[in-house]
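Novice: There's a structure below that I have some questions on.
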Amino acid sequence: MHAVRKMVNCLLGLPKQIYLLLTLIFFNAMIQLVTIVGTLYFHDYGYSTDSIGIMISCFGIGSVIGGYLGGICSDIFSAKSIIIISLLGNVISLILLPFQSHILGFCFILFAIGFFNSGFRPSSIIALLEYKHVIKEMSLLSYRRVALNIGYSLGFPPCKAPKASNGSVQTQKHSGLFAFVFLNLLLLVMMIIFNQNQTTYPIFLSSHGLFSAADVSLIFAFSGIIIVVCQIPVGHFFDKKTLSTTCFVGALLLSFGIGLTLLISNIYIALLLCVLWTFGEMILFPALLPYMLRSSPYKKGNTIGIYQLSFSAAGFVAPLVGTKLYVISPSLLWSLCLTVGCLCAFCFILLNSIKGY
């Protein structure tokens, strides 16, 4: 209760500019749900798994380019200008989306949505961090991820991003290009695994006749509710942990949650595994950003741009790799997610054990 009162008092004392940024982050997160919605829509209308992978990958390509340019341009121009341009681009792209009837049209619009959606992220982070003299950096990132997941939950039809784990306080400063590149590689791999819940995961659930679109919506809404309710307490729990330990735990939970998808036979198992990968994402991904900021030899905007580049590259690679493996064998896909994810988890411990990193 003390933690809840502290959080409420902190929220009530925030400047109105932070509220505005969190509101914009909320709406931008709702737009990102176009990938999951699109996957279900394309699947229901008879598009092949390969075609769906190509179309969703166009969103990923746009995200790769937009995310990196958003960070770079925020160093050159003001973050506010990039935010405005990104939001306008998103609105125009969404208006044009329903008028498409050909796969090329869908690919182009999804590319544009991915470009503007990801271009918003680094600039919004930079804009938020301008207020770290008012509230701690980790708390700002925490509220950002809560806003993201409220947007994910409410943005999913018919009817999911998390407090940054504060392992940074006691962790050693891993400065150097090696640690930064290594962390980006781990981020890329873990995001490829996690992004399966936007493509092959809903396809797997709906293809076996056990789940309707409403059931899939329920699972993602449940994930969002968990994050909104548990993000801050989980962050407090990991306050005194090192970032490497936090990332290890998060990667392990995420790997088991996604990797055991093959065991799903009813809604209860699906919700149980949803709990695992949801806790995994809200422990792992918030800790990775401050970890990279501390290890990076570059400016803040450039660093966040590279972070977003790795983050978004997974959005391009995941649908292509995931759908190809899924066509070969769903069990192969989920087994690789489990195995590779667990290896990445232990890599965080390895990085921490290397002297100087």
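In the numbering used here, the protein residues as written are 15 to 371.
In this text, a Cβ means the ideal position worked out from N, Cα and C, and glycines have one as well.
Bear in mind the structure is a predicted one, so any value in this text is a computation, not a measurement.
Starting from the C-beta of CYS356, find all residues in its chain whose C-beta is less than 6 angstroms away, skip the five residues before and the five after it, and write them out in chain order.
Specialist: SER269
Novice: Looking at the unbroken alpha helix (DSSP H) that takes in GLN322, where does it start and where does it end?
Specialist: Per DSSP, the continuous alpha helix (DSSP H) segment holding GLN322 begins and ends at 314-342.
Novice: Would PRO29 be called buried (16 or more neighbouring beta carbons within 10 Å of its own) or exposed?
Specialist: Exposed, by the Cβ-count rule.
Novice: Going by other Cβ atoms of all chains shown within 10 Å of its Cβ, with 16 needed for buried, is SER77 buried or exposed?
Specialist: Buried, because 16 or more other Cβ atoms sit within 10 Å of the Cβ of SER77.
Novice: Roughly how many angstroms separate the alpha carbons of ILE342 and LEU142, rounded to a whole number?
Specialist: 44 angstroms
Novice: In whole angstroms, what is the alpha-carbon distance linking PHE218 and LYS313?
Specialist: 42 angstroms
Novice: What is the rounded straight-line gap between the Cα of LEU111 and the Cα of ILE98?
Specialist: 20 angstroms
Novice: Let me confirm a value: ASN198 is counted as buried when at least 16 other C-beta atoms fall within 10 Å, else exposed. Which label applies?
Specialist: buried
Novice: Given a cut-off of 8 angstroms, decide if ILE272 and CYS351 are closer than it, judged by their beta-carbon atoms.
Specialist: yes
Novice: Using the three-state DSSP reduction, which class does ILE283 fall into: helix, strand or coil?
Specialist: helix
Novice: At a cut of 8 angstroms, does the segment 314-330 reach the segment 247-263 through at least three beta carbon pairs?
Specialist: They do not touch, by the three-pair rule.
Novice: Please go through the same chain and pick out, in chain order, the residues whose beta-carbon is closer than 7 angstroms to the beta-carbon of THR337, but skip the five residues on each side of it.
Specialist: So the list reads THR63, ASP64, ILE66, GLY67, THR213, THR214, once near-sequence residues are dropped.
Novice: Would you call the CB atoms of PRO344 and LEU276 closer than 8 angstroms?
Specialist: yes
Novice: Any idea what DSSP makes of ILE278, helix, strand or coil?
Specialist: ILE278 sits in coil when the DSSP states are folded into three classes, being neither helix nor strand.
Novice: Within a Cβ cutoff of 8 angstroms, which residues of the same chain sit near ASN104, ignoring the five residues on either side of it in sequence?
Specialist: ASN42, ILE45, ILE127, PHE130, ASN131, PHE134
Novice: What is the residue span of the alpha helix (DSSP H) that ILE113 lies within?
Specialist: Sequence inspection shows Phe at residue 113; the Ile mentioned does not correspond to that position. Premise fails: PHE113 is in no alpha helix (DSSP H) and is neither H nor E.
Novice: Apart from the five residues just before and just after GLY264, which ones in its own chain have a Cβ nearer than 6 angstroms to its Cβ?
Specialist: GLY294, ILE297, LEU298
Novice: Assign GLN31 to buried or exposed, taking buried as 16 or more other Cβ atoms, counted over all protein chains shown, within 10 Å of its Cβ.
Specialist: exposed
Novice: Taking C-beta to C-beta, are TYR82 and GLY319 nearer than 8 angstroms?
Specialist: The beta carbons of TYR82 and GLY319 sit closer together than 8 angstroms.
Novice: Mapping the DSSP letters down to three states, classify VAL148 as helix, strand or coil.
Specialist: coil
Novice: Would you call the segment 280-291 in contact with the segment 242-253, where contact means no fewer than 3 C-beta pairs closer than 8 angstroms?
Specialist: no
Novice: Just verifying my parser: in three-state terms, what is the DSSP assignment at TYR157?
Specialist: helix
Novice: At the level of alpha carbons, what is the spacing between LEU285 and ASP229?
Specialist: Put simply, the backbone Cα of LEU285 is about 10 angstroms away from that of ASP229.
Novice: Whole angstroms are fine: how far does the CA of ALA327 sit from the CA of CYS361?
Specialist: ALA327 has its alpha-carbon roughly 20 angstroms from the corresponding atom of CYS361.
Novice: Report the option in PRO304, SER221, CYS72 whose CA atom is closest to the CA atom of GLY60.
Specialist: SER221
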